[in-house]
Each structure stands twice: as structure tokens, then as C-alpha cells.
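Quick notes on the structure that follows.
Chains as they are written, first to last, in this note's numbering: chain A, -9 to 309; chain B, -9 to 309.
Following this line, the structure appears as C-alpha cells:
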């Protein structure tokens, strides 16, 4: 549990305790159907496990179909619905594509030459289960499939698909998520203040949240002003999410969380540089900003608010 | 040099010697301008080396901008030109995208957990130069950029771009090139006859040759019958190319070829299972078939014939 005994603030105390329950919260009950729909669709979008080469398809399915929270595809679908849901089936598939990209990044992140993690989503990491070479190919296979899923969608107009593909590639690319991973591995240790950590959190998590919301908004045919505001919402939810993840890594319980903790013990995070209290406050500020941007977008729906609550707990909606 | 002393066939002798000169042949002089144009464009399509994170962008440029033969982008552009060249600038960029995918696969292929190679294109492999984690991220960055390059092309119609993206993802995917790599690493050792080796050569090399030709044909607005024939041409050129590559690995000189040789010493190839003579004959049969398909496509041009000659030597055009 996060040590909040010296914070003297019951609001932060409650928020920190909620973070430690991430993924086990019952606050997301309203989204359970959508999460099930996404899990079903993810399974349909990958080759069957017994299709040769079975080792590769098994490892791709093992990695993708674990117990993920599916925040990114849920975000994509909910934004599309909020914007009018013109192309919901496309938003569902594109959200699944973003989840594939996210999973691909986790497989790499866990490799011996990167974080060397043993557990992920409550099970052995992909390379522990299938070996390094198959894990790397599974990651590349998922990334590649993400683009294929969007490109091959039957009903969406080609112009929507190419815009979505362009956005996804920008978000993943060497100025986006991949840059975040490279900096995380090779530059982060030198960071000694909060600013570059926030920039890194943006690359590691914000960019994919924004891509998911942006593609959902495009699928829903939202006007440009709404797209700008709803991507701002997603950015700040993503930043809060990454800071919360670092807090959990620092203080959480591996059994409850389903992945290795203490991975970041010797590298700076917002929490380690500025303290737990400051990191929790940063989460709250980002969430407060996010709620403002969502209202401004005109796409505020009960389900989008429920999504944020399911991640951070109802207390996160305050402040 | 390939040991052809006991083949008693001067035609095969000449062909085998040509294979050993791959990449140093002067027969491709007519394509030198196009190769230069492709090299320039590849450089433009990647972020500059000093753009942060510099280690990542350096490694991507190092890997992509080495001395590759650029067979796949040349094929894409030439097929597009042969079909009428309706969208040559798109064919150029899409060909560069295929080259990025190819380079991404070479980086992975060379990793310690895969072939553990020291040299590639006359220089240390990417992981030897930049470390494993950066090499893996460079590979993923190139694959991702390939999709971005196609998606963001300014002039091509969205429907052309999505068809190209769909084809590329199919070719790369877990039923294509990535499957080939997985089988190569984990199943190939059990092969004891030629048939599955040919299937593997198709996945390892044929699929990307076919994707390059297919996308070129789409860019050139070729009719379906021409697309079918020209992709058949590319498939058989690719099969010949992979068999030739295995022959060179078995018998070539590392200094002249620019990459490790003898990598496949303990794994079966067409050459090791059926003998050098049979492998050379397989190359020739594939090339003969390829030339027939090219004629049938109606897209036979002097430059496409010159491309095949530049790879295999003029003798490869016979038989």
C-alpha cells in the first residue's frame, strides 16, 4: 500500500488507496459489457492459436488476451459513441488495434535487455513463457496486425482509415511511444527534476491514450474543436495514469497488481523525485484538467466519466 | 566461391559464380540512378540523426542507410512504371516502406537470441553497434514508420493507400514474413526434404517481393490479370533470391558479401539437403518461370529485366 500516513489529508489518502486497487475496483461495472465485447473482438482479430506457426500465434494470443484493463479501446469506443457513433464498428476495431500496440510495447518492455520482468497481467511475461525470440516476434506481429486491422476494415471509408493509420504510426513512432521506451532505458537515470519525467510520461502513456481518443473522435465524425478538447482530456488522463502506475510500482503489492513491482527502485519517477504527496497531487491536477477538457469538448458522457472513475476511483473526479 | 568443380556444366558454373558476386555486379548500371533516388528518399523519410532520442534515430538511419541492394523498392517502382506510372511518387515511397520492413527484419534476424550475427551490409550489426535494446526499438521504429510513410503520402488516393497498407501488413504478418522467421528459428532444424524449405523461402523472402510488386502494380493502376502475373513473377524471383542467398551463405566469402557466412552450417537449406547443383537448378527454374510470368503480365520492360540480371547475372535470364 502507498504510505500516506504522514500526508495528513484524507482526500489524498483515499485517492492513494484507490490507486492500489487499480484493476480490482468495482467502480467500472457499467463498462463490463464493453470490456467483454472488446475481449471477444481481440480474440477474433488474431489468428487462432493452432494456426501454424502455433508457437507464434499462441504467444500473440497469450500476450494480448490476458486480463488487461482495456482502457485504450474503451476510450476509443466511448469517444466515438459520444461524438455520435457514426462508425462504431470501426472504433471498436481501431481501439483493439491500439490495444495490440500497447501489448506489443509491454512485451518489449519486459525483455531481459529492457526491464527484465518476470510477471505481467498476473502471469509469466511472454519471453518467460515462450522464449525471447518468439516474444520479440509476437510483439512485432501484434504491432503489424494493428495496422492490418485498421487497413482491412470493411465498412469504414478509406479516408478515415488512412487518417487513423497516420495517427497510430505517429503515436507509436520514434517521436512517440518508441522514443519513450528508448529514453526510459537510456536517459531517464540522469533526470533530476520533474519536468523531463512528465515529458517521458507523455511519450510512454499519453500518446497512445490520445491516439485512441483521436481515432474514436474521427470515427464518430466529431468536429475539429471537439477533437482538440477530447484529445486534451485523453492526454491528461494518460499522464495521471502513468504517474499512478509509477506510484503503484514504488509502493504496491505484486500479487494484487499482477506484475513486478519495485522495477523502478533505482530510477527517478515523479514520486521518487518529488515525493508521494506531490505525485498524488499531480495525478489529481491532471484529472481535474482532464474533466474540464472533457466538458469543453461537448463529449462528456456518463460512460466516459465512469471510465475515469473505474481507473482512479470516484475521488479522482474531484479537486 | 561455390564449389562447382564437379557439376560439369559451364552454364551452372557461370551462374554460381555470378551469385557469389551479388551486390558487386556491374550489370545493374542502368538502375544506378534509381538506386540513388531511393537512397536519397529513404534518408528523407526518417527523422534526422540528431533529433532526440539521437541514439534511436542514429540506429534507425545506420540500419536503413547502409549499402543495401534496394531490390524491393526498385521492383516496386519499376512495376509501377511498367504499368503506366500513374502514381510513381507513391510507388517510390511505398517501395521505401517495404525496404524499411526488410531492414527491420534483418535487425531482428541478427539479434543474439536469433542468428547472433556480427556483420551486415559490410558493417557491425545494429545490436553490436548500438546495443540490443536500441536495436530492437530501431527495428520496431522502422516497421512502424513503414506504415506511416504509406498512410501519410500526400498525393495518393486513400483507397490506394489502404490497399497498399493491407497488402503490406499481410506480407509482414504472422502468416507471412514473421511466420517465416519463427519457423526458421524453431522448426527448420527438423526439415529433411526440400518442400518445406521452399515454403519457408516463400515466407522469408517471397512475400515481401510480392508485396513490393503488388503495391507497385496498384500504384500504376494495372488491371487484375497483370497484377496476378507480375506478382507471380516477383514470387519466383524472390524464391530464386532466397535460394541464392543460402548458397552464398554456405559457400561465399564474408568480406565480399558484407555479412556473416556459414550462419546456416547446421541448419538445412535447399543446397544442403539437395546439393549445390540442385539448388542452382532450382534458382534457374524459378527465374525461367519468373520471366514467363513477366511476359504474360504485359509489364515486361528492359529495366525490369535489367533488375533480374543485376541480381543473378545475365545467365539467370536463360534456361
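Don't be surprised by glycine CBs; every beta carbon is placed ideally from N, CA and C.
Would you kindly work out how many angstroms separate the C-alpha atoms of residue 218 of chain B and residue 287 of chain B, rounded to a whole number?
-> Their backbone Cα atoms lie some 8 Å apart in a straight line.
Among the residues of its own chain, which have a CB less than 7 Å from the CB of residue 216 of chain B, if the five just before and after it don't count?
-> Closer than 7 Å at the Cβ level, and outside the excluded window around residue 216 of chain B, lie 73, 207, 287, 288 and 289.
Beta-carbon separation (whole angstroms), residue 233 of chain A vs residue 193 of chain A, contact threshold 8 Å = Contact check for residue 233 of chain A and residue 193 of chain A: beta-carbon distance about 14 Å, past the 8 Å limit, so the pair fails to qualify.
What number of angstroms, rounded off, separates the C-alpha of residue 110 of chain B from the C-alpha of residue 94 of chain B?
-> Approximately 13 Å, taken between the alpha carbons.
Write down every uninterrupted run of the alpha helix (DSSP H) in the stretch 154 to 205 of chain B whose length is 4 residues or greater and which is fully enclosed by it, in chain order.
-> Listed in chain order, they are 167 to 176 and 184 to 191.
Looking at the C-beta of residue 114 of chain A, does it have a partner C-beta in chain B at a distance below 8 Å?
-> By the rule that beta-carbons nearer than 8 Å mark a contact, residue 114 of chain A does not touch chain B.
So, using beta-carbon positions, are residue 251 of chain B and residue 236 of chain B closer together than 8 Å?
-> Going by C-beta atoms, residue 251 of chain B is not nearer than 8 Å to residue 236 of chain B.
Pull up the CB-CB distance for residue 101 of chain A and residue 122 of chain A, whole angstroms please, since I reckon it's below 8 Å.
-> The beta-carbon separation of residue 101 of chain A and residue 122 of chain A, rounded to 7 Å, stays under the 8 Å limit for a contact.
DSSP beta-bridge partners for residue 110 of chain B?
-> According to DSSP, which records beta bridges pairwise, residue 110 of chain B is partnered with B/113.
Assuming residue 284 of chain A contacts residue 199 of chain A (C-beta within less than 8 Å), just tell me the rounded distance between them.
-> Here residue 284 of chain A is actually not in contact with residue 199 of chain A; their C-beta atoms are around 13 Å apart, not less than 8 Å.
Identify each residue in the stretch 154 to 176 of chain A for which the Cβ-Cβ distance to at least one residue of chain B is less than 7 Å, and report them in chain order.
-> Taking 7 Å as the Cβ-Cβ cut-off, the stretch 154 to 176 of chain A approaches chain B at 155, 156, 159, 160, 162, 163, 164, 165, 168, 169, 171, 172, 173, 175 and 176, given in chain order.
Quick one, which residues of the stretch 44 to 72 of chain B are near chain A if we go by CB-CB under 7 Å, in chain order?
-> Cβ contacts with chain A: 45, 46, 47 and 50.
Output, in sequence order along the chain, the residues in the stretch 126 to 149 of chain A whose CB is closer than 7 Å to any CB in chain B.
-> Answer in chain order: 126, 127, 130, 131, 133, 134, 135, 137, 138, 141, 142, 148 and 149.
If you check the beta carbons only, do residue 248 of chain B and residue 33 of chain B fall under 8 Å apart?
-> Result no, Cβ atoms of residue 248 of chain B and residue 33 of chain B do not sit closer than 8 Å.
At a Cβ threshold of 8 Å, is residue 152 of chain A touching chain B?
-> With 8 Å as the cut-off, residue 152 of chain A counts as an interface residue toward chain B.
Residue from B/227, B/83 and B/169 whose Cα sits closest to the Cα of residue 295 of chain B = It is B/227.
Nearest-angstrom Cβ-Cβ length linking residue 49 of chain B and residue 125 of chain B, presumed shorter than 8 Å = 6 Å between Cβ atoms; contact.
Just the chain B side, please: which residues come within less than 8 Å of residue 103 of chain A by C-beta, in chain order?
-> Result: 121, 122, 123 and 126.
Which residues in chain B sit within 9 Å of residue 98 of chain A, going by Cβ to Cβ distance?
-> Within 9 Å Cβ-Cβ: 123, 126, 127 and 130.
Sequence-distant residues of the same chain with beta carbon closer than 7 Å to residue 168 of chain A, five excluded per side = 162.
Provide the residue span of the alpha helix (DSSP H) that contains residue 236 of chain B, from first to last.
-> It spans 214 to 241 - the alpha helix (DSSP H) in which residue 236 of chain B sits, taken as one unbroken run.
Residue 373 of chain B - DSSP class collapsed to helix/strand/coil | In the structure as shown, chain B begins at -9 and stops at 309. Residue 373 of chain B is therefore absent and cannot be evaluated.
Within its chain, find whatever has a CB closer than 7 Å to the CB of residue 127 of chain B; leave out the 5 residues flanking it on each side and keep chain order.
-> So the qualifying residues of the chain are 46.
Measure from the C-beta of residue 186 of chain B to each C-beta in chain A and report whether the shortest distance is under 8 Å.
-> No, no contact with chain A.
Label residue 301 of chain B either buried or exposed according to how many other C-beta atoms from any shown protein chain fall within 10 Å of its C-beta, with 16 as the threshold for buried.
-> Residue 301 of chain B comes out buried.
Report yes or no: do three or more beta-carbon pairs, one from the stretch 75 to 92 of chain B and one from the stretch 141 to 152 of chain B, lie closer than 8 Å?
-> Flag = yes, the stretch 75 to 92 of chain B and the stretch 141 to 152 of chain B touch.
Integer-rounded CB distance, given that residue 107 of chain A should sit under 8 Å from residue 116 of chain A | Approximately 10 Å separates the beta-carbon atoms of residue 116 of chain A and residue 107 of chain A; this is outside 8 Å, ruling out the contact.
Taking the CB atoms as reference points, tell me whether residue 84 of chain B and residue 154 of chain B lie closer together than 8 Å.
-> Yes, they are a contact pair.
Residue 182 of chain A: buried (16+ other C-beta within 10 angstroms of its C-beta) or exposed?
-> Label assigned to residue 182 of chain A: exposed.
Cβ-based burial, residue 292 of chain B [other Cβ within 10 Å; buried from 16] = In the assembly as shown, residue 292 of chain B is an exposed residue. Its beta-carbon has fewer than 16 other beta-carbons within 10 Å.
Separation of residue 56 of chain B from residue 241 of chain B, as counted between CA atoms = Rounded to the nearest angstrom, the two C-alpha atoms are 24 Å apart.
Alpha carbon to alpha carbon, how far is residue 201 of chain B from residue 71 of chain B? Give it in angstroms, no decimals.
-> Using only the alpha carbons, I get a separation of about 16 Å.
How is residue 210 of chain B classed by DSSP in three states: helix, strand or coil?
-> In the structure shown, residue 210 of chain B adopts coil according to DSSP, grouped into three states.
In chain B, what lies closer than 8 Å to residue 37 of chain A by C-beta?
-> Neighbours of residue 37 of chain A on chain B, chain order: 164 and 165.
When the Cα atoms are used, what is the spatial distance from residue 299 of chain A to residue 59 of chain A?
-> Inter-residue distance for residue 299 of chain A and residue 59 of chain A is about 13 Å (C-alpha atoms, whole angstroms).
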